[in-house]
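What follows is one structure encoded as structure tokens, with my remarks underneath.
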Amino acid sequence: MPELPEVETVRLQLKHKVVGKTIDSVEVFHGKSVENNPEIEDKLSGKTIGDIDRVGKLMIFSFKKEPDLFLLAHLKMTGQFFYVDMSGVVGGGHSMTEADMDLPMKHTRVGYHFTDHTSLYFNDMRLFGYNKLANAEEVAIAKKKFGPEPIYEDFDADWFYEKLKKRKTPVKAALLDQSFIAGLGNIYVDEALWRAKVSPMRRADKVTKKEAAALAAASGDVMKESIAVGGTTFQHFKDTGGENGNFTDYLQVFGQQGKKCSRCGTEIKKTRCAGRGTHYCPKCQK
Ligand SMILES: [Zn+2]
Numbered sequence: 002m003p004e005l006p007e008v009e010t011v012r013l014q015l016k017h018k019v020v021g022k023t024i025d026s027v028e029v030f031h032g033k034s035v036e037n038n039p040e041i042e043d044k045l046s047g048k049t050i051g052d053i054d055r056v057g058k059l060m061i062f063s064f065k066k067e068p069d070l071f072l073l074a075h076l077k078m079t080g081q082f083f084y085v086d087m088s089g090v091v092g093g094g095h096s097m098t099e100a101d102m103d104l105p106m107k108h109t110r111v112g113y114h115f116t117d118h119t120s121l122y123f124n125d126m127r128l129f130g131y132n133k134l135a136n137a138e139e140v141a142i143a144k145k146k147f148g149p150e151p152i153y154e155d156f157d158a159d160w161f162y163e164k165l166k167k168r169k170t171p172v173k174a175a176l177l178d179q180s181f182i183a184g185l186g187n188i189y190v191d192e193a194l195w196r197a198k199v200s201p202m203r204r205a206d207k208v209t210k211k212e213a214a215a216l217a218a219a220s221g222d223v224m225k226e227s228i229a230v231g232g233t234t235f236q237h238f239k240d241t242g243g244e245n246g247n248f249t250d251y252l253q254v255f256g257q258q259g260k261k262c263s264r265c266g267t268e269i270k271k272t273r274c275a276g277r278g279t280h281y282c283p284k285c286q287k
């Protein structure tokens with residue numbers, strides 16, 4: 002499943018490519034991907050994309066002069082966006098397989114065709130993702146489900162510490178709770194905890210103020226660094242240019258069980274915490 006840095010990478014690329022473009026027509030190849038809303042074609046045709054925002058892993062397309070019309074896009078397990086320019090090349094020349102180049106293909110669920118003859122395709126093999134219409138109220142409700150993101154400069158480490166003190170769950174569970182802080186998935190939580198030298202199993206209310214500050218900073222850094230290199234690599238994930246991200250090269254604990262901790266040389270362990278596979282150094286994470 003793509004994590005937030007992958008979604009953010011896709012958002013930034015899409016923003017660069019489709020903001021300002023006017024939708025000429027919408028082609029729905031599979032109704033489930035648009036929540037079986039027959040209005041999507043009529044509502045979006047003739048509309049110009051104003052911006053692409055994001056909250057958590059949900060992308061929010063807005064349209065010029067349409068304050069009450071939004072398109073919510075979630076990639077879920079296997080969703081991908083592919084942009085096809087006028088020469089028919091996906092994303093502008095990255096290496097792609099023949100099958101990828103030939104869009105729409107069998108996993109293409111929605112096609113947005115722009116007035117300048119470029120297109121954006123939403124492919125989703127497993128059909129858990131969606132592109133759905135929403136109004137301003139629905140967008141506001143969606144945004145309320147997410148806490149602040151440590152990726153942003155204004156993330157408040159003191160607030161974070163005070164909130165952790167009220168939680169008796171393992172700190173890992175707190176970090177995974179999107180309504181508390183948004184954006185950290187399993188991989189990034191493990192990495193941030195390693196950087197901050199905090200054990201995933203530590204009770205959240207036992208984390209010190211200093212550790213909370215380190216954890217807030219590490220969470221933001223891990224995400225930012227991952228976005229800078231295009232995210233981690235997933236089997237079903239490609240960014241809109243068809244390239245796989247490569248943050249996996251930078252992972253210190255996630256998937257590193259049995260290897261030596263790069264900081265202290267102790268063997269990295271894998272266990273289960275907060276219902277998820279959890280990777281940590283038993284010596285330098287307290
Ligand atoms: Zn260590």
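Our numbering applies: residue 2 is where the sequence shown begins, and numbers increase by one. Where a beta carbon is used, it is the ideal one built from N, C-alpha and C, also for glycine.
Within 10 Å of its beta-carbon, does I142 have 16 or more other beta-carbons around it, so buried, or fewer, so exposed? Counting from 1 along the sequence shown, the entry for residue 142 is found at position 141. Exposed: under 16 other Cβ atoms inside 10 Å.
Under 8 Å Cβ to Cβ from K287, same chain only, skipping five residues before and after it: list those, please. Residue mapping note: residue 287 aligns to position 286 of the sequence shown, counting from 1. Here the set comprises K198, V199, S200 and R203.
In its own chain, which residues sit with a C-beta less than 6 Å from the C-beta of L176, not counting the 5 before and 5 after it? In the sequence shown, residue 176 corresponds to position 175, counting from 1. The beta carbon of L176 lies closer than 6 Å to those of L185 and V190 in the same chain, with the five residues before and after it left out.
Looking only at C-alpha atoms, which of K16, D86, S180 and V27 sits nearest to K48? By 1-based counting over the sequence shown, the position of residue 48 is 47. It is V27 whose Cα lies nearest to the Cα of K48.
Less than 6 Å between C-beta atoms, sequence neighbours within five positions excluded: which residues of the same chain meet that for A214? By one-based count along the sequence shown, residue 214 stands at place 213. The answer, listed in chain order, is A158.
So, for Q236: in the same chain, excluding its five sequence neighbours on each side, which residues have a beta-carbon less than 6 Å away from its beta-carbon? Here the question's residue 236 lines up with position 235 in the sequence shown. Per-residue confidence for Q236 stands at a pLDDT of 37, beneath the threshold of 50, marking its modelled position as unreliable; no derived number is given.
Less than 8 Å between the CB atoms is what I'm expecting for F115 and D54, so what's the real figure, rounded? By 1-based counting over the sequence shown, the position of residue 115 is 114. By 1-based counting over the sequence shown, the position of residue 54 is 53. In fact, because the Cβ distance is near 20 Å, the residues do not count as touching under 8 Å.
Strictly closer than 6 Å from CB to any heavy atom of ligand 1: give me those residues in the order they appear in the chain. That gives C262, R264, C265, T267, C282, K284 and C285.
Would Y251 be called buried (16 or more neighbouring beta carbons within 10 Å of its own) or exposed? Position 250 of the sequence shown holds residue 251. Exposed is the call here.
Which residues does DSSP list as the beta-bridge partners of H75? The residue given as residue 75 occupies position 74 in the sequence shown. DSSP output for H75 lists L59 and Y131 as bridge partner(s).
Range of the contiguous beta strand (DSSP E) that encloses F83: Translated into the one-based positions of the sequence shown, residue 83 becomes position 82. Run containing F83: G80 to V85, per the beta strand (DSSP E) assignment.
C-alpha gap between G21 and G259, whole angstroms: The sequence position of residue 21 within the sequence shown is 20, counting from 1. The sequence position of residue 259 within the sequence shown is 258, counting from 1. Spanning the two alpha carbons is a distance of roughly 50 Å.
Is the beta carbon of P283 sitting closer than 8 Å to the one on K271? Along the sequence shown, read from residue 1 onward, the residue named residue 283 stands at position 282. Along the sequence shown, read from residue 1 onward, the residue named residue 271 stands at position 270. It is not a contact, given that the beta carbons lie outside the stated cut-off.
Under a Cβ-count criterion, where at least 16 other Cβ atoms within 10 Å of its own Cβ denotes burial, should N136 be classed as buried or exposed? Walking along the sequence shown from the start, residue 136 turns up at place 135. Classification of N136: exposed, given that the 10 Å Cβ count is below 16.
Taking the beta carbon of K145 as the centre, do at least 16 other beta carbons fall within 10 Å, making it buried, or is it exposed? As a working mapping, residue 145 is identified with position 144 in the sequence shown. The residue is exposed, with fewer than 16 neighbouring Cβ atoms inside 10 Å.
Per-residue DSSP class, three states only, for D159: As a first step, residue 159 is located in the sequence shown; it is residue number 158 there, counting from the start. Taken through DSSP and simplified to helix, strand or coil, D159 comes out as helix.
Tell me, to the nearest whole angstrom, how far the beta carbon of F30 is from that of V111; I am working on the premise that it is less than 8 Å. Looking up residue 30 in the sequence shown gives position 29. Looking up residue 111 in the sequence shown gives position 110. The C-beta distance from F30 to V111 rounds to 7 Å, short enough to meet the 8 Å contact threshold.
Quick one: what's got a C-beta closer than 8 Å to E99's C-beta in the same chain, skipping five residues either side? Residue 99 sits at position 98 when you count from the first residue of the sequence shown. With a pLDDT of only 48 at E99, under the threshold of 50, the placement of this residue in the model should not be trusted; the figure read from the coordinates follows. Leaving aside the five residues that flank E99 on each side, none in its chain has a CB nearer than 8 Å to its CB.
Distance check for A183 and W155, CA to CA, integer angstroms please. To locate residue 155, count along the sequence shown from 1; it is residue 154. To locate residue 183, count along the sequence shown from 1; it is residue 182. Per the sequence presented here, residue 155 reads as Asp, with Trp not at that position. Rounded to the nearest angstrom, the gap between the Cα atoms of D155 and A183 is 14 Å.
For T10 and F147, what's the separation of their Cα atoms in angstroms? On the sequence shown, position 9 is the one that residue 10 refers to. On the sequence shown, position 146 is the one that residue 147 refers to. If I take the Cα positions, the gap works out to 19 Å.
Using CA atoms only, rank isn't needed, just tell me which of G276, C285 and G278 is closest to S263. By one-based count along the sequence shown, residue 263 stands at place 262. Ranking G276, C285 and G278 by Cα distance to S263 puts C285 first.
How far does the alpha helix (DSSP H) with I142 in it reach, from first residue to last? By one-based count along the sequence shown, residue 142 stands at place 141. Per DSSP, I142 belongs to the alpha helix (DSSP H) from A137 to K145.
Pick helix, strand or coil for D43, following the three-state DSSP scheme. As a working note, residue 43 is residue 42 in the sequence shown. Per DSSP, reduced to three states, the secondary structure at D43 is helical.
Identify every run of the alpha helix (DSSP H) within the region 157-204, keeping only runs that are complete inside it and at least 4 residues long; order them along the chain. The region 157-204 contains these whole alpha helix (DSSP H) runs: 158-165, 172-177 and 187-197.
Give the secondary structure of V20 by DSSP, where H, G and I count as helix, E and B as strand, and everything else as coil. Residue numbering aside, residue 20 sits at position 19 when the sequence shown is read from its first letter. Of the three classes helix, strand and coil, the one that applies to V20 here is coil, per DSSP.
Could you check if P68 is buried or exposed, using at least 16 other CB atoms within 10 Å of its CB as the buried criterion? By one-based count along the sequence shown, residue 68 stands at place 67. P68 comes out exposed.
With DSSP as the reference, label K260 as helix, strand or coil. Counting from 1 along the sequence shown, the entry for residue 260 is found at position 259. DSSP places K260 in the coil class of the three-state scheme, outside both helix and strand.
Reference V19; option with closest CA among R277, G32 and K65: On the sequence shown, residue 19 is found 18 positions in, with the first residue counted as 1. Comparing alpha carbon positions, the residue from R277, G32 and K65 closest to V19 is K65.
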